[in-house]
Amino acid sequence: MEEVDDELHIGVEADMDEMKDFMHWCLDNAKDELETREGVSLVAFVRPRQDTKLTKGLDLDSNKKPMAAIPYQHEGGEDLWYAAVGGFVNEFGAEFAIMIAEAWYNEGNLDDLAEGEMPIPPSQDPNRKECISIQGISYDATGLIIGQVTLMQPFEKKGRKVEYFDLVTLDNGEFDSKLARATINQDLV
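Using numbering that gives the first Met the number 0, the first residue of the sequence shown is number 0, and each one after it goes up by one.
Next comes the structure, spelled out in structure tokens:
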């Protein structure tokens, strides 16, 4: 039994490494898009599981795994888009899902809040900052979330130039993001 557990642990680490590598590739492309198009497209990428009906019968080597891209369309709104991403993950299973967006964050310290006081959402904070946000969520074979990583690339636009600040990596988040809520296996909730 311990040998099976070791194999699963190694497989999970390999999936997380692959997800993180893809996230950094996405970050490089998002920076290029920000600099050349002056904005970052909201898009989700989903790596379907190799053992699901979407890939059944396909002879895929590890270098040619399929990847679904689900771009945000303004028609229908954000809720419909998240539902589409969640529906894809729940229908076909996923090794991981990644979302790229231009976002806001605030630099407030949660420790400075009085007990019971809620932090100001970045969208309402007059001192908010801009960043490229890339969120990655990995899943086990049953659809449970087993890992989450967020890359935040703060930046400031100065005319046509973009100045980047230190990349922030948040590992093993609380799983309370819109992407996590939309893609969690609803049969297990």
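Don't be surprised by glycine CBs; every beta carbon is placed ideally from N, CA and C.
These numbers were taken from a predicted model, which means no experiment stands behind them.
For a test of the three-state rule: what should DSSP assign to residue i, helix, strand or coil?
i	result
Y71	coil
K30	helix
M66	coil
E162	strand
Q49	coil
G86	helix
T141	coil
Skipping 5 residues on each side, what residues in its chain have a beta carbon closer than 6 Å to that of residue i?
i	result
K157	none
Y81	K177 and A181
E94	D14, R46 and R48
G170	Here the sequence assigns Asp to residue 170, which means Gly is not the residue at that position. The answer, listed in chain order, is V148.
F44	M66, A68 and I97
By Cβ distance below 8 Å, which residues in the same chain neighbour residue i in space, the five residues on each side in sequence not counted?
i	result
E155	K128, E129, V161, E162 and F164
D20	none
M22	I97, I133, G135, V148 and L150
When you compare the CB positions of residue i and residue j, do they come within less than 9 Å of one another, or not?
i	j	result
A67	R46	yes
I131	L143	no
L26	L166	yes
With DSSP as the reference, identify every bridge partner of residue i, one or two as the case may be.
i	result
T16	Looking at the sequence provided, one finds Asp at residue 16 rather than Thr. The partner list for D16 (beta bridge, DSSP) is empty, contrary to what the question assumes.
C130	A102 and P153
A43	I69 and M98
L79	According to DSSP, L79 bridges with nothing at all.
T168	L150
F122	The amino acid occupying residue 122 in the given sequence is Ser; Phe does not appear at that position. Paired residues: none, contrary to the question.
I136	A96 and Q147
Going by DSSP, what residue range makes up the beta strand (DSSP E) through residue i?
i	result
E101	F95 to Y104
T182	Where T182 is concerned, there is no enclosing beta strand (DSSP E), although the alpha helix (DSSP H) it sits in stretches over K177 to T182.
Quick one: residues in its chain with C-beta nearer than 7 Å to the C-beta of residue i, no 5 flanking neighbours on either side, listed in chain order?
i	result
A100	V39, L41 and S132
A179	I136, I144 and Q147
N126	N105
G92	P47, R48, T51 and G142
P121	W103, Y104, N105 and R127
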